[in-house]
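Taking my numbering, I'd label the letters of the sequence shown as residues 228 to 434. Here the structure comes first, spelled out in structure tokens, and everything after it is commentary.
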Amino acid sequence: MNRGRFITLEGSEGAGKSTNMDYIQQSLQARGVDIVMTREPGGTSIGEDIRELLLGHKHTGMSDDTELLLMFAARAEHIHKVIEPALQRGQWVLCDRFTDATYAYQGGGRGIAAERIAILENWTQGLLRPDLTIYLDVPVETGRQRAGDRSDPDRFEKEQNDFFNKVRQTYLHRGEQEPDRFRLVDASMALEQVQARLDEIVLELLD
Ligand code: TMP
Numbered sequence: 228m229n230r231g232r233f234i235t236l237e238g239s240e241g242a243g244k245s246t247n248m249d250y251i252q253q254s255l256q257a258r259g260v261d262i263v264m265t266r267e268p269g270g271t272s273i274g275e276d277i278r279e280l281l282l283g284h285k286h287t288g289m290s291d292d293t294e295l296l297l298m299f300a301a302r303a304e305h306i307h308k309v310i311e312p313a314l315q316r317g318q319w320v321l322c323d324r325f326t327d328a329t330y331a332y333q334g335g336g337r338g339i340a341a342e343r344i345a346i347l348e349n350w351t352q353g354l355l356r357p358d359l360t361i362y363l364d365v366p367v368e369t370g371r372q373r374a375g376d377r378s379d380p381d382r383f384e385k386e387q388n389d390f391f392n393k394v395r396q397t398y399l400h401r402g403e404q405e406p407d408r409f410r411l412v413d414a415s416m417a418l419e420q421v422q423a424r425l426d427e428i429v430l431e432l433l434d
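Dropping the structure here:
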């Protein structure tokens, strides 16, 4: 049994992540790929509870280290219970955000040193890394305009443009550092153009 492939999708706010996640899933399934869709933080019962702690407003003033460790606590559970078993069964895993988001949000956004994140990454993931990461990129202001004013923004959506600019710069920088793994998609294009680019990436994956 061949091991499945691990694909992650990242995107800024208003980049169309959910729509394009569904599109990639359908595109792979239409080509006969057995695929598990999941998300972070979340993807397990414990992980979804941690997601509520992280995104909700129950606790004000969460420290940056707590936020980082909760992300990795959810991730540890997710890897053990969902991601690794699926890959071992030969299924592909398409995950809505993964550790690049930690480097971008907790690293770039909150200012935690990448070296500290790397320690937790190695501890929690061992050798597990995404085979391919698609990053839907859109300038912060365009993305936020598209997303509109959410009536009930979560703890991250409440952040200012300055935070999201640092998040975006970190994603772009990581893309430059790892061009073999990253596929940058300009999500400010019309949806049909974005999806044409996603089709190319899917075909490349199946090659
Ligand atoms: P979303 O997946 O619906 O966009 O929401 C998840 C939020 O959590 C998003 O604002 C990014 C944030 N996040 C982090 O800050 N660090 C992480 O490691 C992950 C996976 C997500």
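From the three backbone atoms N, C-alpha and C, an ideal C-beta is built for every residue, glycine too.
Taking C-beta separations shorter than 6 angstroms and ignoring five residues to either side along the sequence, the partners of Glu304 in its chain run Thr271, Ile273 and Gly274, following chain order. Here the C-alpha atom of Ala328 lies approximately 25 angstroms from the C-alpha atom of Asp261.
Gly238 is a Cβ neighbour of Leu363, given a cutoff of 8 angstroms.
Straight-line measurement puts the Cα of Asp358 at about 6 angstroms from the Cα of Arg408.
In the DSSP annotation of this structure, Val365 is not part of any beta strand (DSSP E), being labelled neither H nor E. DSSP places Gly238 in the strand class (E or B) of the three-state scheme. The closest CA to that of Gly336, considering only Ala257, Gln396 and Leu236, is found on Gln396. The residue among Met298, Glu368 and Gly317 with its C-alpha nearest the C-alpha of Gly334 is Met298.
The beta-bridge partner set that DSSP reports for Leu425 is empty. Partner residues in the beta bridge of Val263, as assigned by DSSP, are Val320.
Check the Cα spacing between Glu386 and each of Asp276, Gly402 and Leu282: the tightest is with Leu282. For Arg410, the enclosing beta strand (DSSP E) covers residues Phe409 to Asp413.
Of Lys285, Gly241 and Ala340, the smallest CA-CA separation from Tyr330 is found for Ala340.
Non-local C-beta neighbours of Ala374 in its own chain, meaning closer than 6 angstroms and more than five positions away in sequence, comprise Glu240 and Gly241, ordered along the chain. Taking non-hydrogen atoms of the ligand TMP into account, the C-beta of Met298 is found less than 7 angstroms away from one of them. Two segments are said to touch when three or more pairs of C-beta atoms, one from each, lie closer than 8 angstroms; by this definition the region 313-326 does not touch the region 409-417.
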